[in-house]
Amino acid sequence: MKGFRGVELYRLLWQASGDRQSAHGGQHDTGVYEGGDVGVLVVGSVALDSVKTPFGAVENVLGGSASYFSTAASFFTDVSLVGVVGEDFPSEALALFRAREINIDGLERAQGRTFRWAGEYTYDLNEAITLDTQLNVFEQFRPKLPAAYQDSPYVFLANIDPELQIEVLNQVKRPKFVACDTMNFWIQGKLEALRAVLQRVDLLTINESEARQLAREPNVVKAAGAILRMGPKALIIKRGEYGALMFNGSTMFFAPAYPLESVYDPTGAGDSFAGGFMGYLANVDDVSEEAMRQAIIMGSTMASFNVESFSLERLRALSYPEIRDRFRAFKGLVNFADLPETP
Ligand code: AMP
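In structure tokens form, the structure reads like this:
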């Protein structure tokens, strides 16, 4: 159990929503709900990224889907990370995981080079152009979950080879909620394995262009229907600076992205979104439609911070009051009065 997280988070949400009734967690004398530290397991890439945007460039900095996810989720719940790095992985990079109290017992150090990704963004910051992907140690990686990870109730299969996502799923016992992410690289290269993953998850998070590609359907609403028929009960389509759309059974929910003046590097926006989303669900230990709607706003909050600097620099420096204030700012952004009754 980590310090103030649960209590602070509930104070934030209690005040933001005014009338929240949670089926989980107990209410304290203070009127504050305390969340359970249920925990999230994540498998994904831990990478050395080289990224160029119109505002600057960095080389071989800490990145990877699991790194962004874990750091964002660690503000809300206990996080256990499964992945692999090579001999060249700088030990300073592990310090961030330790500082965020992320469990890295499942992060293997293997012979060879760390996974590397190089990408570029033009002035349209919504779409990364992949310049180079080197799987390196991920080519031989076979995840072995430490015993303590196997009971994780919340599981996130971050963007990585879908065959590895399946291997992790095979090792967890009856998780309560499983979500996954993917990208064009795997849609093109490992479609069959990806379809097998989709049959076993509760939620898929995916970029808009990749949703179209996966469904082979240009209309986003029709594409969502086609993807839901592939297996997941819910789907979140990420639309970069235009927000995120959730399809949950027959309901639809839209969250805007927070309009920012200072966007430097969109890398990891999707993963920090997923980290805020899953971390929040684990904190409240509730997967109702209402909780998922709050979780989307928390995901959008974490993504909005992440894009304010390169690599994980902004998340590293983030404080809880900043998260609380931006969550509330989101509420203000979409809050409007109903029309008066017509005579
Ligand atoms: P996003 O949240 O979509 O911006 O994810 C960016 C991160 O995904 C980068 O830090 C990359 O290291 C990582 N990444 C890029 N391509 C792949 C891939 N094919 N498999 C796993 N991770 C990747």
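For the sequence shown, position 236 (counting from the first letter as 1) is numbered 299 according to my numbering, and the numbering increases by one without interruption.
Backbone N, C-alpha and C define an ideal beta-carbon position, used for all residues, glycine too.
*Among the residues of its own chain, which have a CB less than 6 Å from the CB of Pro225, if the five just before and after it don't count?*
The residue given as residue 225 occupies position 162 in the sequence shown. Cβ neighbours of Pro225 beyond the five flanking positions: Trp249, Lys253, Ala256, Leu257, Val260.
*In three-state terms, what does DSSP make of Glu164?*
Walking along the sequence shown from the start, residue 164 turns up at place 101. Note: Glu164 maps to coil in three-state DSSP.
_Cβ neighbour criterion (16 or more within 10 Å) applied to Gln228_ = One-based indexing of the sequence shown puts residue 228 at position 165. By the neighbour-count rule (16 or more Cβ atoms within 10 Å), Gln228 is buried.
*Between the beta-carbon of Pro242 and the beta-carbon of Leu266, is there less than 8 Å?*
Along the sequence shown, one-based indexing puts residue 242 at 179. Along the sequence shown, one-based indexing puts residue 266 at 203. According to the sequence provided, residue 242 is Ala. The question's Pro does not apply to it. Going by C-beta atoms, Ala242 is nearer than 8 Å to Leu266.
*Taking Cβ to Cβ, would you say Ala211 is nearer than 8 Å to Phe132?*
As a working mapping, residue 211 is identified with position 148 in the sequence shown. As a working mapping, residue 132 is identified with position 69 in the sequence shown. Contact: no.
*Which residues in the same chain as Asp195 place their Cβ atom closer than 6 Å to its Cβ, once the five residues preceding and following it in sequence are excluded?*
Counting from 1 along the sequence shown, the entry for residue 195 is found at position 132. Ala181, listed in sequence order.
*The alpha helix (DSSP H) with Asp195 in it runs from where to where?*
Along the sequence shown, read from residue 1 onward, the residue named residue 195 stands at position 132. Residue range 192–197 is occupied by the beta strand (DSSP E) that includes Asp195, with no alpha helix (DSSP H) assigned at that position.
*Around the C-beta of Asn282, are 16 or more other C-beta atoms found within 10 angstroms, so that it is buried, or is it exposed?*
As a working note, residue 282 is residue 219 in the sequence shown. Classification of Asn282: exposed, given that the 10 Å Cβ count is below 16.
*What three-state label does DSSP hand Phe138 in the structure shown?*
Translated into positions along the sequence shown, residue 138 becomes position 75. Three-state result, Phe138: coil.
_the segment 145–152 / the segment 101–121 touching (three or more Cβ pairs under 8 Å)_ = yes
*Which value, in whole angstroms, describes the spacing of the CA atoms of Phe201 and Ala156?*
Taking the sequence shown and counting its residues from 1, one reaches residue 201 at position 138. Taking the sequence shown and counting its residues from 1, one reaches residue 156 at position 93. Distance between the alpha carbons of Phe201 and Ala156: 18 Å.
*Cα-Cα separation, Pro117 to Leu323*: Working through the sequence shown from its first residue, we reach residue 117 at position 54. Working through the sequence shown from its first residue, we reach residue 323 at position 260. Going by the C-alpha atoms only, they are around 16 Å apart.
*Could you check if Leu402 is buried or exposed, using at least 16 other CB atoms within 10 Å of its CB as the buried criterion?*
By 1-based counting over the sequence shown, the position of residue 402 is 339. Exposed is the call here.
*Given 8 Å as the limit, is there contact between the segment 324–340 and the segment 287–295, that is, 3 or more CB pairs closer than that?*
no
*Does the beta-carbon distance from Val105 to Leu159 come in below 8 Å?*
What you label residue 105 is simply residue 42 of the sequence shown in a count that begins at 1. What you label residue 159 is simply residue 96 of the sequence shown in a count that begins at 1. No, Cβ-Cβ distance for Val105 and Leu159 is not below 8 Å.
*asked:* Any heavy atom of the ligand FMN closer than 7 Å to the beta-carbon of Gly146?
replied: Among the ligands modelled here, namely the ligand AMP, the ligand FMN does not occur.
*Could you check what DSSP says for Val347 in three-state terms: helix, strand or coil?*
In the sequence shown, counting from the first residue as 1, residue 347 sits at position 284. Three-state DSSP puts Val347 in a helix.
*Figure out for me which residue from Gly342, Ser325, Gly303 has the closest Cα to the Cα of Tyr217.*
For the purposes of this step, residue 217 is taken as residue 154 along the sequence shown, with counting starting at 1. Closest option to Tyr217, Cα to Cα, is Gly342.
*With respect to the beta strand (DSSP E) encompassing Val103, which residues constitute its N-terminal and C-terminal limits?*
Taking the first residue of the sequence shown as position 1, residue 103 is located at position 40. First-last of the beta strand (DSSP E) with Val103: 103–106.
*By Cβ distance below 8 Å, which residues in the same chain neighbour Leu381 in space, the five residues on each side in sequence not counted?*
Indexing the sequence shown from 1 puts residue 381 at position 318. Contacts found: Phe138, Phe368.
*Please go through the segment 193–253 and give each complete alpha helix (DSSP H) segment of 4 or more residues, from N-terminal end onward.*
225–232, 247–252
*Does the separation of the CB atoms of Phe178 and Leu198 fall below 8 Å?*
Along the sequence shown, read from residue 1 onward, the residue named residue 178 stands at position 115. Along the sequence shown, read from residue 1 onward, the residue named residue 198 stands at position 135. The answer is yes: Cβ separation under 8 Å.
_Same chain, Cβ closer than 7 Å to Gln174, neighbours up to 5 away in sequence not counted_ = Translated into the one-based positions of the sequence shown, residue 174 becomes position 111. Only Glu150 meet the Cβ criterion.
*Are the Cβ atoms of Phe316 and Val114 separated by less than 8 Å?*
The count along the sequence shown starts at 1 and reaches residue 316 at position 253. The count along the sequence shown starts at 1 and reaches residue 114 at position 51. It is not a contact, given that the beta carbons lie outside the stated cut-off.
*Let me know if Gln357 comes out buried or exposed under the rule of 16 or more other beta-carbons within 10 Å of its beta-carbon.*
Position 294 of the sequence shown, counted from the first residue, corresponds to residue 357. It counts as buried.
_Taking the beta carbon of Ser215 as the centre, do at least 16 other beta carbons fall within 10 Å, making it buried, or is it exposed?_
The count along the sequence shown starts at 1 and reaches residue 215 at position 152. Looking at its Cβ environment, which holds 16 or more other Cβ atoms inside 10 Å, Ser215 is buried.
*Extent of the continuous beta strand (DSSP E) run through Ala297*: For the purposes of this step, residue 297 is taken as residue 234 along the sequence shown, with counting starting at 1. Counting along the chain, the beta strand (DSSP E) containing Ala297 begins and ends at 297–301.
*Rank Phe152, Gly127, Ser154, Gly102 by C-alpha distance to the C-alpha of Ala136 and give the top, closest one.*
Working through the sequence shown from its first residue, we reach residue 136 at position 73. Comparing Cα-Cα distances from Ala136 to each of Phe152, Gly127, Ser154, Gly102, the minimum goes to Gly102.
*First through last residue of the beta strand (DSSP E) which encompasses Thr314*: Taking the sequence shown and counting its residues from 1, the one referred to as residue 314 is at position 251. Per DSSP, Thr314 belongs to the beta strand (DSSP E) from 314–318.
_Using CA atoms only, rank isn't needed, just tell me which of Arg387, Pro329, Pro384, Leu396 is closest to Tyr184._
Mapped onto the sequence shown, residue 184 falls at position 121. Answer by Cα proximity: Pro329.
*asked:* Comparing C-alpha positions only, which one of Val350, Val121, Asn247, Glu304 sits nearest to Ser325?
replied: The residue labelled residue 325 in the question sits at position 262 within the sequence shown. Checked all of Val350, Val121, Asn247, Glu304; the closest Cα to Ser325 is Glu304.
*6 Å CB neighbourhood of Phe240 in its chain, flanking five on each side removed*: Counting from one through the sequence shown, the residue named residue 240 turns up at place 177. Excluding sequence neighbours, Phe240 sits near Tyr217, Asp265, Val350.
*For Phe152, count neighbouring Cβ atoms within 10 angstroms of its own Cβ and tell me buried if that reaches 16, exposed if not.*
As a working mapping, residue 152 is identified with position 89 in the sequence shown. With 16 or more Cβ atoms within 10 Å of its Cβ, Phe152 is classed as buried.
*Cβ of Tyr186 within 7 Å of any heavy atom in the ligand AMP?*
Counting from one through the sequence shown, the residue named residue 186 turns up at place 123. False, no ligand heavy atom lies under 7 Å from that Cβ.
*CA-CA distance, Thr193 and Ala400?*
Translated into positions along the sequence shown, residue 193 becomes position 130. Translated into positions along the sequence shown, residue 400 becomes position 337. Approximately 43 Å between the Cα atoms of the pair.
*Assign Ser130 to buried or exposed, taking buried as 16 or more other Cβ atoms, counted over all protein chains shown, within 10 Å of its Cβ.*
Residue 130 sits at position 67 when you count from the first residue of the sequence shown. Counting Cβ neighbours within 10 Å, Ser130 comes out buried, since at least 16 surround it.
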